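Notes follow the structure.
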Amino acid sequence: MYNWPDQHGRYGKFGGRFVPETLMNALIELEEAFRRHTADESFRNELQYLLRQYSGRPTPLYRADRLSAHLGGAQIYLKREDLNHTGAHKINNALAQALLAKRMGKTKVIAETGAGQHGVATATAAALLGLECKVFMGEEDTKRQKLNVFRMNLLGAEVVPVVSGSRTLKDAGNEALRYWVSHVDDTFYILGSAVGPHPYPMIVRDFQRVIGDESRQQMLEAAGRLPDLVIACVGGGSNAIGMFYPFVNDPSVRLMGVEAAGHGIDTDKHAATMSRGTVGVFQGSMSYLLQDAYGQVQEAHSISAGLDYPGVGPEHSHLKDSGRAEYVPITDGEALEALQLLSRTEGIIPALESSHAIAQTIKVAPKMKRDEIILVCLSGRGDKDVEAIMGYLGGKPDESH
Numbered sequence: 000m001y002n003w004p005d006q007h008g009r010y011g012k013f014g015g016r017f018v019p020e021t022l023m024n025a026l027i028e029l030e031e032a033f034r035r036h037t038a039d040e041s042f043r044n045e046l047q048y049l050l051r052q053y054s055g056r057p058t059p060l061y062r063a064d065r066l067s068a069h070l071g072g073a074q075i076y077l078k079r080e081d082l083n084h085t086g087a088h089k090i091n092n093a094l095a096q097a098l099l100a101k102r103m104g105k106t107k108v109i110a111e112t113g114a115g116q117h118g119v120a121t122a123t124a125a126a127l128l129g130l131e132c133k134v135f136m137g138e139e140d141t142k143r144q145k146l147n148v149f150r151m152n153l154l155g156a157e158v159v160p161v162v163s164g165s166r167t168l169k170d171a172g173n174e175a176l177r178y179w180v181s182h183v184d185d186t187f188y189i190l191g192s193a194v195g196p197h198p199y200p201m202i203v204r205d206f207q208r209v210i211g212d213e214s215r216q217q218m219l220e221a222a223g224r225l226p227d228l229v230i231a232c233v234g235g236g237s238n239a240i241g242m243f244y245p246f247v248n249d250p251s252v253r254l255m256g257v258e259a260a261g262h263g264i265d266t267d268k269h270a271a272t273m274s275r276g277t278v279g280v281f282q283g284s285m286s287y288l289l290q291d292a293y294g295q296v297q298e299a300h301s302i303s304a305g306l307d308y309p310g311v312g313p314e315h316s317h318l319k320d321s322g323r324a325e326y327v328p329i330t331d332g333e334a335l336e337a338l339q340l341l342s343r344t345e346g347i348i349p350a351l352e353s354s355h356a357i358a359q360t361i362k363v364a365p366k367m368k369r370d371e372i373i374l375v376c377l378s379g380r381g382d383k384d385v386e387a388i389m390g391y392l393g394g395k396p397d398e399s400h
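Going by numbering that gives the first Met the number 0, the residue at position 119 of the sequence shown is 118; the numbering climbs one at a time, nothing skipped.
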């Protein structure tokens, strides 16, 4: 029976807490509060109410007949996380962590964001619960995601452009951790992906497992059985671990994570942590990451701001090494083609992140039998990416690249 993390916050050799001493007490306090409040029925009821009445859960499970017919082979089902309030799965975790912050007596929250979806979700949850909100975002990503920056401002959050390093998600995460160290008394760090020091990977997984729990039940109702293959995109890996976790103990279900190959994994422009990374410590935990021979973290690249990250969650690293999940790369070009195909066959414009999962589905579905089933996590909608997509497809120059 799968039962990770252990008492030290480890997933095999991955995970743990590699942080300054000043943060250790805050992380221990957070773990104790998480276990206490998630065992409290009133907390669970309030969270379920918000997820249902505010965010719109359960999200639908949609059978994509036209895409399935176009590709031939397996039947394709989409878990429509794009239909959540704010447009992505990020709201599940943001609402839950903001509620936890409130129960812990914190008055301020901070977050890091790449594609902006986690930032928007955090700003939304903070507004709802009356918390001050500050969001750290790489300056490069503020250009790629101007609309989301405006949305966060509209929701009352302060967006802090980060100008260090590659000015993307990695640097935003570093800055958020630095800020938290000196403001830990009144500030809760709402971490958006299944990364960072223990207990964050566990917290994010447990707050995102609603995706997989619902999918499992909906799949049984719709098809009378579990899927043969589950596919989700992986940057840090929050939607993927939320989708995978309830299926981990089902050996008949293959789990496949899709990471960003950018211009190709044999170039220096990719974010293929699992395919090309090595084991090391990054942002507080042991995981696979892109690093040079001296242990310096390398810059990542992806057409998708949400996948443009040189690390990955420790539980994904464990699932890879244990052989329970497979991880495959998809290039920028393949993701763009997939985005257009899903838009034209199903009338659904996916986020660039989710387009990587669709691209892998396009590869594998024709090789499977007609009575086999693929379940894809459609983690977010593409509204936020439309301007960037116009640039890539020649509709309008994209000045950020």
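Even glycine gets a Cβ: it sits at the ideal position worked out from N, Cα and C. Since the structure is predicted, the reported quantities are computational estimates derived from the model, not experimental observations.
Original post:
Excluding sequence positions up to five away, which residues of its chain have a Cβ less than 6 Å from the Cβ of Asp-170?
Top reply: As a working note, residue 170 is residue 171 in the sequence shown. Result list for Asp-170: Gly-137, Val-161, Ser-163 and Gly-164, in chain order.
Subject >> Test item: CB-CB of Ala-156 and Lys-133 under 8 Å >> reply: Reading the sequence shown from its first residue, position 157 is the one you call residue 156. Reading the sequence shown from its first residue, position 134 is the one you call residue 133. Yes, the Cβ-Cβ distance between Ala-156 and Lys-133 is below 8 Å.
**OP:** Quick one: measure Cβ to Cβ for Glu-314 and Ile-240, integer angstroms, because I've assumed they're closer than 8 Å.
**Re:** Indexing the sequence shown from 1 puts residue 314 at position 315. Indexing the sequence shown from 1 puts residue 240 at position 241. Right, their Cβ atoms sit about 6 Å apart.
Subject >> Cβ-Cβ distance between Gln-290 and Thr-277 below 8 Å >> reply: Position 291 of the sequence shown, counted from the start, is the residue given in the question as residue 290. Position 278 of the sequence shown, counted from the start, is the residue given in the question as residue 277. For Gln-290 and Thr-277, yes; Cβs fall inside 8 Å.
Subject >> Counted within 10 angstroms of its Cβ, other Cβ atoms place Arg-143 as buried (16 or more) or exposed >> reply: Looking up residue 143 in the sequence shown gives position 144. Its Cβ being crowded by 16 or more others within 10 Å, Arg-143 is buried.
**OP:** Tell me where the beta strand (DSSP E) around Leu-335 begins and ends.
**Re:** For the purposes of this step, residue 335 is identified with residue 336 of the sequence shown, where counting begins at 1. Run containing Leu-335: none in the beta strand (DSSP E); it sits in the alpha helix (DSSP H), 331-345.
Original post:
Would Ala-63 pass as a contact of Glu-371 if the rule is Cβ separation under 8 Å?
Top reply: Sequence index remark: in the sequence shown, residue 63 carries index 64 (1-based). Sequence index remark: in the sequence shown, residue 371 carries index 372 (1-based). No, Cβ-Cβ distance for Ala-63 and Glu-371 is not below 8 Å.
**OP:** Would you identify the three-state DSSP class for Ala-418, choosing helix, strand or coil?
**Re:** The question about residue 418 has no answer, for the chain in this structure spans 0 to 400.
Subject >> Counterpart residues of Lys-133 in DSSP-defined beta bridges >> reply: Taking the sequence shown and counting its residues from 1, the one referred to as residue 133 is at position 134. Lys-133 pairs with Ile-109 and Glu-157.
Subject >> Nonlocal neighbours in the same chain, by C-beta distance under 6 Å from Pro-59, ignoring five residues either side >> reply: Within the sequence shown, residue 59 is the residue found at index 60, counting from 1. Correct list, in chain order: Arg-79.
Original post:
So His-197 and Pro-4 are in contact, right, with Cβ under 8 Å, and what is the actual spacing, rounded?
Top reply: Counting from one through the sequence shown, the residue named residue 197 turns up at place 198. Counting from one through the sequence shown, the residue named residue 4 turns up at place 5. Rounded, the Cβ-Cβ distance is 6 Å, consistent with contact.
Subject >> Per-residue DSSP class, three states only, for Glu-138 >> reply: Along the sequence shown, read from residue 1 onward, the residue named residue 138 stands at position 139. If DSSP states are grouped into helix, strand and coil, Glu-138 belongs with the helices.
Original post:
Taking C-beta to C-beta, are His-269 and Gly-261 nearer than 8 Å?
Top reply: Taking the first residue of the sequence shown as position 1, residue 269 is located at position 270. Taking the first residue of the sequence shown as position 1, residue 261 is located at position 262. Cβ distance < 8 Å, so His-269 and Gly-261 count as in contact.
Subject >> Short Cβ contact (8 Å threshold) for Ala-364 with Gly-256 >> reply: Working through the sequence shown from its first residue, we reach residue 364 at position 365. Working through the sequence shown from its first residue, we reach residue 256 at position 257. Not a contact, by the Cβ cut-off of 8 Å.
Original post:
Going by alpha carbons, who is nearest to Thr-106 out of Leu-225, Ala-125, Leu-306 and Ser-321?
Top reply: In the sequence shown, the residue the question calls residue 106 occupies position 107. If we check each option's Cα against that of Thr-106, Ala-125 comes out closest.
Original post:
Can you give the Cα-Cα distance for Asn-147 and Gln-116, rounded to whole angstroms?
Top reply: As a first step, residue 147 must be located in the sequence shown, where it is residue number 148. As a first step, residue 116 must be located in the sequence shown, where it is residue number 117. So the two alpha carbons sit approximately 7 Å from each other.
Original post:
CA-CA distance, His-400 and Arg-215?
Top reply: As a position in the sequence shown, residue 400 is number 401, starting the count at 1. As a position in the sequence shown, residue 215 is number 216, starting the count at 1. With a pLDDT of 41 at His-400, under the threshold of 50, the predicted position of this residue should be treated as unreliable, though the coordinate-derived value follows. For His-400 and Arg-215, the distance between alpha carbons rounds to 40 Å.
Original post:
Nearest to Gly-86 by alpha carbon, out of Ile-109, Gly-72, Val-108 and Ser-54?
Top reply: As a first step, residue 86 is located in the sequence shown; it is residue number 87 there, counting from the start. Answer by Cα proximity: Ser-54.
**OP:** Report the rounded CA-to-CA distance for Asp-320 versus Gly-129, giving the unit in angstroms.
**Re:** The residue given as residue 320 occupies position 321 in the sequence shown. The residue given as residue 129 occupies position 130 in the sequence shown. About 42 Å.
Original post:
What number of angstroms, rounded off, separates the C-alpha of Phe-187 from the C-alpha of Ala-73?
Top reply: Here residue 187 refers to the residue found at position 188 of the sequence shown. Here residue 73 refers to the residue found at position 74 of the sequence shown. If I take the Cα positions, the gap works out to 44 Å.
Original post:
Does DSSP put Ile-361 in a helix, a strand or coil?
Top reply: As a working note, residue 361 is residue 362 in the sequence shown. Three-state DSSP puts Ile-361 in a helix.
Subject >> Continuous beta strand (DSSP E) stretch holding Ile-27: start and end >> reply: Counting from 1 along the sequence shown, the entry for residue 27 is found at position 28. Taken as a continuous stretch (DSSP letters only), Ile-27 belongs to no beta strand (DSSP E), being part of the alpha helix (DSSP H) at 20-37.
Subject >> DSSP three-state assignment for Met-285, whether helix, strand or coil >> reply: Start at 1 with the first residue of the sequence shown, and residue 285 comes out as number 286. Strand, per DSSP.
**OP:** State buried or exposed for Ala-259, treating a residue as buried only when at least 16 other CB atoms are found within 10 Å of its CB.
**Re:** Translated into the one-based positions of the sequence shown, residue 259 becomes position 260. Its Cβ being crowded by 16 or more others within 10 Å, Ala-259 is buried.
Original post:
Does the segment 222-239 come within contact of the segment 38-52, defined as at least 3 CB pairs closer than 8 Å?
Top reply: no
Original post:
Which value, in whole angstroms, describes the spacing of the CA atoms of Pro-396 and Met-201?
Top reply: The count along the sequence shown starts at 1 and reaches residue 396 at position 397. The count along the sequence shown starts at 1 and reaches residue 201 at position 202. The predicted model places Pro-396 with a pLDDT of 45, which falls under 50 and marks its position as unreliable; any figure quoted below should be read in that light. Roughly 41 Å separates the two Cα atoms.
Original post:
Is it true that the CB of Thr-360 sits closer than 8 Å to the CB of Ile-230?
Top reply: Residue 230 sits at position 231 when you count from the first residue of the sequence shown. Residue 360 sits at position 361 when you count from the first residue of the sequence shown. Yes, the pair counts as a contact, with Cβ atoms nearer than the cut-off.
Original post:
DSSP on Val-280, reduced to helix/strand/coil?
Top reply: Position 281 of the sequence shown, counted from the start, is the residue given in the question as residue 280. Strand.
**OP:** Provide the residue(s) that pair with Pro-328 in DSSP beta bridges, ordered along the chain.
**Re:** Residue 328 sits at position 329 when you count from the first residue of the sequence shown. According to DSSP, Pro-328 bridges with Glu-258.
Subject >> DSSP state of Gly-393 mapped onto helix, strand, coil >> reply: As a working mapping, residue 393 is identified with position 394 in the sequence shown. Note: Gly-393 maps to coil in three-state DSSP.
**OP:** Kindly list the residues whose CB is nearer than 7 Å to the CB of Val-247, restricted to its own chain and excluding five residues on each side of it in sequence; keep chain order.
**Re:** As a working note, residue 247 is residue 248 in the sequence shown. If we look at Val-247 and ignore the five residues flanking it on each side, its Cβ neighbours are Tyr-1 and Arg-323.
Original post:
Measuring CA to CA, which of Leu-335, Gln-339, Gly-379 and Gln-282 is closest to Val-311?
Top reply: Locating residue 311 in the sequence shown gives position 312, where the first residue counts as 1. Among Leu-335, Gln-339, Gly-379 and Gln-282, the Cα nearest to that of Val-311 belongs to Gln-282.
Original post:
Whose C-alpha, out of Met-151, Thr-272 and Tyr-293, is nearest the C-alpha of Ala-299?
Top reply: Your numbering for residue 299 matches position 300 in the sequence shown. The candidate whose alpha carbon is nearest that of Ala-299 is Thr-272.
Original post:
With which residues is Arg-62 paired in a DSSP beta bridge?
Top reply: The residue given as residue 62 occupies position 63 in the sequence shown. Answer is Tyr-76, bridged to Arg-62.
Subject >> Residue burial classification, Ala-110 (beta-carbon count within 10 angstroms, cutoff 16) >> reply: Translated into the one-based positions of the sequence shown, residue 110 becomes position 111. Label assigned to Ala-110: buried.
Original post:
Tyr-293 by DSSP, collapsed to three states: which one?
Top reply: Locating residue 293 in the sequence shown gives position 294, where the first residue counts as 1. Three-state DSSP puts Tyr-293 in coil, outside helix and strand.
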